[in-house]
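Written below as structure tokens is the structure these notes are about.
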Amino acid sequence: AQRVTQPEKLLSVFKGAPVELKCNYSYSGSPELFWYVQYSRQRLQLLLRHISRESIKGFTADLNKGETSFHLKKPFAQEEDSAMYYCALTNSGNTPLVFGKGTRLSVIA
Amino acid sequence: DAGITQSPRYKITETGRQVTLMCHQTWSHSYMFWYRQDLGHGLRLIYYSAAADITDKGEVPDGYVVSRSKTENFPLTLESATRSQTSVYFCASSESMLGDREVGHTEAFFGQGTRLTVV
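Read top to bottom, the protein sequences are chains A and B. At the far end of the first sequence sits residue 1257, using the numbering used here, and the numbering has no gaps. At the far end of the second sequence sits residue 199, using the numbering used here, and the numbering has no gaps.
Below, the structure written as structure tokens:
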């Protein structure tokens, strides 16, 4: 079965410090991985997807199939990064998104 | 307005009552989804639909009913509400099943959520 694990419920960092939100998955096929973000009082929205290999708002995430991980990273955290972050997975073309439990990032000024 | 909208935004209902949460999207997306968001559980899929008149169960379908008579609407009904169904409900839509390499990469667009309290 597909599973996404986000081990940290809450992560607090100081402004300007590096951030790493961990995501591990279990899936035997070729998964598609995503990061979604939910800012305060806003709807959930896509942050980035592994297939695009893009950097959004300074965030990057690399799919490591050997470690089955898709950690989200940013070298210098900003206060506006404070939000709830969800890692999500889908089978290539066949299944709805499966979400992790989420990590709340708090950036302290 | 274009987009995906949910109604109501907030709802308080009593145990045993039937309640329907509405979801409407204006993009004519084929796929629509209902998730519930709970502390400690993240988002869990309740039901989803690939097209009008086609629905499938997700991870936590018990106690819920859905229908998709029109592409743009995907209502979620709690037939007899229980306190364990107190949650925030999110509807989402997407052009194709997420990660479909043939169609092209796409994302799910989420509604603003409905906070349901069952007392």
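Think of the CB as a built atom: it goes at the ideal place given N, C-alpha and C, for glycine as much as any other residue. Nothing here was measured: the structure is a model prediction, and the numbers come from that model.
{"Asked": "Here's the rule: buried if 16 or more other CB atoms are within 10 angstroms of the residue's CB, otherwise exposed. What is TYR127 (chain B)?", "Found": "buried"}
{"Asked": "What does the alpha-carbon distance come out to for the pair LYS1222 (chain A) and THR93 (chain B)?", "Found": "42 Å"}
{"Asked": "If you follow the beta strand (DSSP E) that CYS1171 (chain A) is part of, which residue opens it and which one closes it?", "Found": "First-last for CYS1171 (chain A): undefined, no H or E at that position."}
{"Asked": "For chain A, is any of its Cβ atoms less than 8 Å away from the one on GLU187 (chain B)?", "Found": "yes"}
{"Asked": "Within a Cβ cutoff of 7 Å, which residues of the same chain sit near THR162 (chain B), ignoring the five residues on either side of it in sequence?", "Found": "THR95, GLY143 and VAL198"}
{"Asked": "Which value, in whole angstroms, describes the spacing of the CA atoms of LYS137 (chain B) and GLU187 (chain B)?", "Found": "21 Å"}
{"Asked": "Compute the Euclidean distance between the alpha carbons of TYR111 (chain B) and LYS1170 (chain A), then round it to the nearest angstrom.", "Found": "29 Å"}
{"Asked": "Going along the chain, which unbroken runs of the beta strand (DSSP E) with 3 or more residues stay wholly within the segment 122-189 of chain B?", "Found": "122-131, 134-137, 144-146, 156-158 and 167-174"}
{"Asked": "Who does GLN105 (chain B) pair with in a DSSP beta bridge?", "Found": "B:ILE84"}
{"Asked": "Which bits of chain B does TYR1187 (chain A) rub up against, with CB to CB less than 8 Å?", "Found": "Residues of chain B passing the Cβ test: none, with the nearest at roughly 12 Å."}
{"Asked": "Name the chain A residues whose beta carbon is nearer than 7 Å to that of LEU123 (chain B)?", "Found": "TYR1234 and PHE1247"}
{"Asked": "Let's see if you can read the secondary structure: which residues bound the beta strand (DSSP E) around PHE1207 (chain A)?", "Found": "That residue, PHE1207 (chain A), is in no beta strand (DSSP E); it is neither H nor E in DSSP."}
{"Asked": "When the distance is taken between beta carbons, is TRP1183 (chain A) closer than 8 Å to LEU1196 (chain A)?", "Found": "yes"}
{"Asked": "Which value, in whole angstroms, describes the spacing of the CA atoms of VAL1185 (chain A) and GLN98 (chain B)?", "Found": "32 Å"}
{"Asked": "What does PHE154 (chain B) touch in chain A if you count any residue whose Cβ is under 8 Å from its own?", "Found": "By Cβ distance, chain A contributes nothing, its closest Cβ being about 13 Å from PHE154 (chain B), past 8 Å."}
{"Asked": "Mind reading off the beta-carbon distance from LEU158 (chain B) to TYR1234 (chain A)? Whole number of angstroms is fine, and I expect it under 8 Å.", "Found": "At roughly 24 Å, the Cβ-Cβ gap does not stay under 8 Å, so LEU158 (chain B) and TYR1234 (chain A) are not in contact."}
{"Asked": "Closer than 8 Å, Cβ to Cβ, to anything on chain A: give me those residues from the segment 85-102 of chain B, in chain order.", "Found": "none"}
{"Asked": "Are HIS109 (chain B) and THR85 (chain B) close, meaning C-beta to C-beta below 8 Å?", "Found": "no"}
{"Asked": "Work out the CA separation of VAL140 (chain B) and PRO88 (chain B) for me, nearest whole Å.", "Found": "22 Å"}
{"Asked": "Since ALA1236 (chain A) sits in a beta bridge, which residues does DSSP pair it with?", "Found": "A:PHE1182 and A:PHE1247"}
{"Asked": "Where does the unbroken beta strand (DSSP E) through ARG116 (chain B) begin, and where does it stop?", "Found": "111-118"}
{"Asked": "What three-state label does DSSP hand SER1116 (chain A) in the structure shown?", "Found": "The structure shown does not extend to residue 1116 (chain A), since chain A is modelled only from 1149 to 1257, so the question has no answer here."}
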